[in-house]
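Novice: If you scroll down you'll find the structure; I have some questions about it.
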Amino acid sequence: MTRTDTAGRPSGPTPPSGPSTPTTPEEARPTAVTRRLLARSEAARRTSAARVKLWVGAICALVVIIPIVLAQALPLPDANGQDLGNRLAPPFTAGHLFGTDQLGRDLLSRVLHGGQVSLAIGVLAVIVSGAIGVVLGSIAGFYGRWADTLISRLLEAQMSLPLLMMLLLVVALFGPSIPVITFVIAIAQWPEVARLTRSLVLVEREKPYVSSARTLGLNRFTILLRHVVPNVIKQATLVVLLLLAQAVLLESALSFLGAGPQRPFATWGRIISDGQDYVTTAWWMVTIPGLFIVLLVVGVNLLGDALRDRPRRSTASRLRRFVGLRPTTSAPAPTSAPKKETLA
Amino acid sequence: MATYILKRLGQGLLTVFLTVSTVFVLIRLAPGDPAVAYAGPLATNEQLAAVREQFGLDDPLLQQYGVFLQQLVTGNLGTSYSFQAPAVQVVLERLPYTLTLSFAAILLAAVVSIPLGVWMARRTDTRSETGVNVVAIAGQSMPDFWTGILLLSAFAVVIPVFPASGFATWGGLVLPTVTIAILQVALISRLVRREMATNFAAPYLTVARSRGVSERALTWRYAMGNSAIPVFTALGTRFAAMLNGVVVVEVVFAWPGVGSLIVRALETRDYPLIQATVLVTSLLAVGVQLLIDLAYPLLDPRVRLGKASAA
Numbered sequence: 205m206t207r208t209d210t211a212g213r214p215s216g217p218t219p220p221s222g223p224s225t226p227t228t229p230e231e232a233r234p235t236a237v238t239r240r241l242l243a244r245s246e247a248a249r250r251t252s253a254a255r256v257k258l259w260v261g262a263i264c265a266l267v268v269i270i271p272i273v274l275a276q277a278l279p280l281p282d283a284n285g286q287d288l289g290n291r292l293a294p295p296f297t298a299g300h301l302f303g304t305d306q307l308g309r310d311l312l313s314r315v316l317h318g319g320q321v322s323l324a325i326g327v328l329a330v331i332v333s334g335a336i337g338v339v340l341g342s343i344a345g346f347y348g349r350w351a352d353t354l355i356s357r358l359l360e361a362q363m364s365l366p367l368l369m370m371l372l373l374v375v376a377l378f379g380p381s382i383p384v385i386t387f388v389i390a391i392a393q394w395p396e397v398a399r400l401t402r403s404l405v406l407v408e409r410e411k412p413y414v415s416s417a418r419t420l421g422l423n424r425f426t427i428l429l430r431h432v433v434p435n436v437i438k439q440a441t442l443v444v445l446l447l448l449a450q451a452v453l454l455e456s457a458l459s460f461l462g463a464g465p466q467r468p469f470a471t472w473g474r475i476i477s478d479g480q481d482y483v484t485t486a487w488w489m490v491t492i493p494g495l496f497i498v499l500l501v502v503g504v505n506l507l508g509d510a511l512r513d514r515p516r517r518s519t520a521s522r523l524r525r526f527v528g529l530r531p532t533t534s535a536p537a538p539t540s541a542p543k544k545e546t547l548a
Numbered sequence: 004m005a006t007y008i009l010k011r012l013g014q015g016l017l018t019v020f021l022t023v024s025t026v027f028v029l030i031r032l033a034p035g036d037p038a039v040a041y042a043g044p045l046a047t048n049e050q051l052a053a054v055r056e057q058f059g060l061d062d063p064l065l066q067q068y069g070v071f072l073q074q075l076v077t078g079n080l081g082t083s084y085s086f087q088a089p090a091v092q093v094v095l096e097r098l099p100y101t102l103t104l105s106f107a108a109i110l111l112a113a114v115v116s117i118p119l120g121v122w123m124a125r126r127t128d129t130r131s132e133t134g135v136n137v138v139a140i141a142g143q144s145m146p147d148f149w150t151g152i153l154l155l156s157a158f159a160v161v162i163p164v165f166p167a168s169g170f171a172t173w174g175g176l177v178l179p180t181v182t183i184a185i186l187q188v189a190l191i192s193r194l195v196r197r198e199m200a201t202n203f204a205a206p207y208l209t210v211a212r213s214r215g216v217s218e219r220a221l222t223w224r225y226a227m228g229n230s231a232i233p234v235f236t237a238l239g240t241r242f243a244a245m246l247n248g249v250v251v252v253e254v255v256f257a258w259p260g261v262g263s264l265i266v267r268a269l270e271t272r273d274y275p276l277i278q279a280t281v282l283v284t285s286l287l288a289v290g291v292q293l294l295i296d297l298a299y300p301l302l303d304p305r306v307r308l309g310k311a312s313a314a
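And the structure:
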């Protein structure tokens with residue numbers, strides 16, 4: 205499938221033919237605006253949209269991530285320090301920017317420290333699932349035959365399973381420790397990465413450099429590791445970024461259901477679950493941690509989207525542009541492998 | 004065609020079998036004693052032994068598995084510890100609630116997201132479209148339990164329009180449905196937009212337009228006709244996922260469905276009930292997937308089942 209996001213207007217690769225050959229009603233009138241210019245503006249618009257997404261995404265994510273990372277260094281009250289004389293204080297009370305919860309604990313401190321747990325679990329899970337996915341996906345794509353059959357079957361079987369239910373089951377049975385939760389989320393997410401890597405490797409495998417490398421006497425494993433994987437890893441990592449958003453959401457759902465990391469860790473899901481009983485009297489206990497989740501996930505999603513839509517340029521050509529040289533006529537390597545985004 | 008269905012049916016049953024077997028192994032691997040959960044923390048050793056004897060928990064693992072397979076074939080997974088009723092029956096009693104909720108949610112999602120996606124595809128990259136797109140991304144990023152609680156407090160407590168929990172009246176269906184549909188609308192409308200935009204840019208559409216086909220027909224018959232399969236697949240897959248994925252929303256709204264049942268079964272380590280829930284939901288999920296695949300030829304006459312199209 206071609207991945208043209210241009211709507212309504214045909215922007216095929218046909219060179220600007222003479223003005224006397226109108227192809228669409230829009231081009232019926234003689235005009236100096238060639239199709240090439242139109243395509244260019246279309247592309248320009250898309251690039252600028254991607255740039256806006258990139259910036260907005262980065263800002264949203266950083267607004268959440270930076271305070272979380274600095275939580276230890278910031279002058280905050282103890283996340284678990286109770287102050288029963290000051291229960292359910294609304295936001296902006298002295299000393300408590302976000303107010304306090306039902307035990308008088310500072311909400312800002314709890315949200316930031318909880319964020320450390322949620323974020324750490326998300327990042328770890330995504331690294332593990334990315335590693336499993338890339339390894340299994342590239343094996344399936346490169347070696348084919350029974351390895352492919354086995355891994356693909358496993359993928360399909362897992363994707364048709366009740367996901368959250370299985371996660372809950374494992375956590376309930378093996379105890380909600382951080383390693384178990386991380387592992388469980390990683391296991392839930394590897395199929396996505398593996399499927400993408402497999403399809404990328406399938407394309408890459410047929411390229412001439414692979415057969416040349418074989419002719420030169422490299423063994424297949426070396427080719428896969430040294431030549432094929434480096435060519436697909438960049439696109440695979442982009443998906444991993446989108447998976448981070450999902451991992452954070454999954455972790456918060458598990459925590460909400462009481463299957464998250466146990467006390468004293470204050471994860472976002474549990475803060476919300478605790479606040480559920482006070483939602484009418486203390487709206488901030490539910491709303492604020494939720495907004496943190498939304499901001500982080502929106503940011504990461506936008507970043508992932510933008511990086512995917514961004515026109516790919518090689519580092520060399522970017523460098524050349526930076527130095528001020530015109531890019532050479534050789535087009536950048538078309539890295540347009542099938543990358544059909546799937547629903548989460 | 005018949006062989007294709009049989010093959011797919013076999014695959015589906017294999018998946019279900021592997022799933023329930025995995026769950027069987029997981030349950031036995033896990034620390035924790037169901038006898039304690041059943042008899043309570045104050046039970047004496049004799050009582051615990053009696054409970055283990057009663058449920059066959061002391062038998063060798065392979066023998067337990069054999070018994071389990073027998074039960075699986077007969078569709079009788081034993082008695083739920085906490086409900087004191089056949090486990091499968093307990094699940095089946097809850098199933099209509101989950102089905103109702105899932106069906107309402109997917110219906111709402113389809114009704115909203117398809118026109119929205121088409122609208123977005125017709126005006127890609129305009130300012131209003133970008134705005135809607137950003138809202139959709141935000142909708143996709145909200146944890147459903149959070150939206151659920153907010154909707155609940157807004158429309159059941161502050162402005163009491165709908166009942167807060169349960170399924171006593173049809174009004175109780177509204178809030179959980181909306182909660183689930185928000186995420187689905189966000190996902191599916193963006194998919195519709197992508198598919199439709201691809202088709203709007205395709206040469207065949209230009210040809211049809213030049214032959215004087217009306218814009219309405221271009222949109223709904225030509226472009227939508229060619230986007231139907233991926234959109235339908237997405238809707239079906241989301242529906243299948245919902246049948247067991249609405250756990251969180253069911254808990255928030257105290258919905259008496261399968262989702263809140265499994266949470267309770269896990270808390271009480273009710274092994275037969277866990278097994279029955281997993282069996283029923285995975286059967287349903289596999290069944291819905293099969294139905295989706297079987298519906299492809301209806302949507303696109305070019306598709307022949309069992310040929311290369313199975314991919």
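In order, the protein sequence lines correspond to chains G and W.
Counting from 1, position 209 in the first sequence corresponds to residue 413 in our numbering; the numbering is continuous, with no gaps.
Counting from 1, position 115 in the second sequence corresponds to residue 118 in our numbering; the numbering is continuous, with no gaps.
Ideal Cβ positions, reconstructed from N, Cα and C, are used throughout, including at glycine.
Ends of the alpha helix (DSSP H) at His431 (chain G)?
Specialist: First-last for His431 (chain G): undefined, no H or E at that position.
Novice: Just to confirm the assignment, what range does the alpha helix (DSSP H) spanning Ser144 (chain W) have?
Specialist: From DSSP, Ser144 (chain W) is part of no alpha helix (DSSP H); its letter is neither H nor E.
Novice: Counting only beta-carbon atoms, is Ile140 (chain W) nearer than 8 Å to chain G?
Specialist: yes
Novice: In chain W, which residues lie with their C-beta within 9 Å of the C-beta of Ile476 (chain G)?
Specialist: Pro146, Phe148, Trp149 and Ile152
Novice: In terms of DSSP beta bridges, what is Thr82 (chain W) paired with?
Specialist: W:Pro89
Novice: Could you check where the alpha helix (DSSP H) with Ile265 (chain W) kicks off and where it finishes?
Specialist: Val261 to Glu270
Novice: Identify which residue in W:Met199, W:Thr240, W:Thr209 and W:Arg241 has its Cα closest to the Cα of Trp223 (chain W).
Specialist: Here the closest residue by C-alpha is W:Met199.
Novice: By the 8 Å beta-carbon criterion, what residues does the segment 161-192 of chain W contribute toward chain G?
Specialist: Val161, Leu190 and Ile191
Novice: Measuring only between beta-carbons, confirm whether Val498 (chain G) sits less than 8 Å from chain W.
Specialist: yes
Novice: At 7 Å on the CB atoms, spell out the chain G contacts of Val26 (chain W), in chain order.
Specialist: Contact of Val26 (chain W) with chain G by beta-carbon distance below 7 Å involves Leu373.
Novice: Am I right that Ser325 (chain G) and Ile382 (chain G) are in contact with their C-beta atoms under 8 Å? What's the rounded C-beta distance?
Specialist: It is worth fixing the name first, because residue 325 (chain G) is Ile in this sequence and not Ser. Sure, about 6 Å apart at Cβ, within 8 Å.
Novice: For a cutoff of 8 Å on Cβ pairs, would you count Gln480 (chain G) as touching chain W?
Specialist: yes
Novice: Does any CB atom of chain W fall closer than 8 Å to the CB of Leu506 (chain G)?
Specialist: yes
Novice: Measure from the alpha carbon of Cys264 (chain G) to the alpha carbon of each residue in G:Val502, G:Leu511 and G:Asp509, then state which is nearest.
Specialist: G:Val502
Novice: Among residues of its own chain, excluding the 5 on either side of Thr172 (chain W), which ones have a beta-carbon nearer than 8 Å to its beta-carbon?
Specialist: Pro166
Novice: Could you give the distance in angstroms between the alpha-carbon of Val121 (chain W) and the alpha-carbon of Phe425 (chain G)?
Specialist: 46 Å
Novice: Pop quiz: Pro275 (chain W) and Gly15 (chain W) are said to be a contact at Cβ under 8 Å. What is the actual Cβ separation, rounded to whole angstroms?
Specialist: 23 Å between Cβ atoms; not a contact.
Novice: In whole angstroms, what is the alpha-carbon distance linking Thr236 (chain W) and Leu429 (chain G)?
Specialist: 35 Å
Novice: Note down the Cα distance separating Pro493 (chain G) from Val315 (chain G), rounded to an integer number of angstroms.
Specialist: 6 Å
Novice: Please check the pair Leu21 (chain W) and Ala361 (chain G), which I expect to be a contact at CB under 8 Å, by giving their CB distance rounded to whole angstroms.
Specialist: About 6 Å separates the two Cβ atoms, so the contact holds.
Novice: Taking 7 Å as the limit between beta carbons, can you name the residues of its chain near Leu29 (chain W), skipping five residues before and five after?
Specialist: none
Novice: Relative to chain W, which residues along the segment 449-465 of chain G have a C-beta separation below 7 Å, given in chain order?
Specialist: Ala449, Leu453, Ser456, Ala457, Phe460 and Leu461
Novice: For Asn284 (chain G), collect the residues of the same chain with a Cβ closer than 7 Å to its Cβ; drop the 5 residues on either side in sequence, then sort them by chain order.
Specialist: Arg309 and Pro468
Novice: Mind pulling the chain W residues with CB within less than 7 Å of Gly494 (chain G)?
Specialist: Pro146 and Trp149
Novice: By DSSP's criteria, Thr25 (chain W) is part of a beta bridge. Which residues make up the other side?
Specialist: As far as DSSP is concerned, Thr25 (chain W) takes part in no beta bridge.
Novice: Does the CB of Val216 (chain W) have a neighbour CB from chain G at under 8 Å?
Specialist: Chain G contact via Cβ: absent.
Novice: Within a Cβ cutoff of 7 Å, which residues of the same chain sit near Leu229 (chain W), ignoring the five residues on either side of it in sequence?
Specialist: In the sequence as displayed, the identity of residue 229 (chain W) is Asn instead of Leu. The answer, listed in chain order, is Asn202.
Novice: DSSP on Asp310 (chain G), reduced to helix/strand/coil?
Specialist: In this structure, Asp310 (chain G) counts as strand in the three-state DSSP scheme.
Novice: Over what stretch of residues does the alpha helix (DSSP H) that includes Thr576 (chain G) continue unbroken?
Specialist: There is simply no residue 576 (chain G) to check, as chain G begins at 205 and stops at 548 in what is shown.
Novice: I'd like to know whether the C-beta atoms of Ala510 (chain G) and Gly261 (chain G) end up nearer to each other than 8 Å.
Specialist: yes
Novice: CA-CA distance, Ala298 (chain W) and Val306 (chain W)?
Specialist: Cα to Cα, Ala298 (chain W) sits roughly 10 Å from Val306 (chain W).
Novice: Interface residues of chain G around Thr101 (chain W) at Cβ under 7 Å?
Specialist: Residues of chain G passing the Cβ test: none, with the nearest at roughly 11 Å.
Novice: Give the secondary structure of Pro226 (chain G) by DSSP, where H, G and I count as helix, E and B as strand, and everything else as coil.
Specialist: Per-residue confidence for Pro226 (chain G) stands at a pLDDT of 45, beneath the threshold of 50, marking its modelled position as unreliable; no derived number is given.
Novice: Verify the CB distance criterion: does Leu269 (chain W) have a CB-CB separation below 8 Å to chain G?
Specialist: yes
Novice: Determine, using beta carbons only, whether Asn79 (chain W) and Pro63 (chain W) come nearer to each other than 8 Å.
Specialist: no
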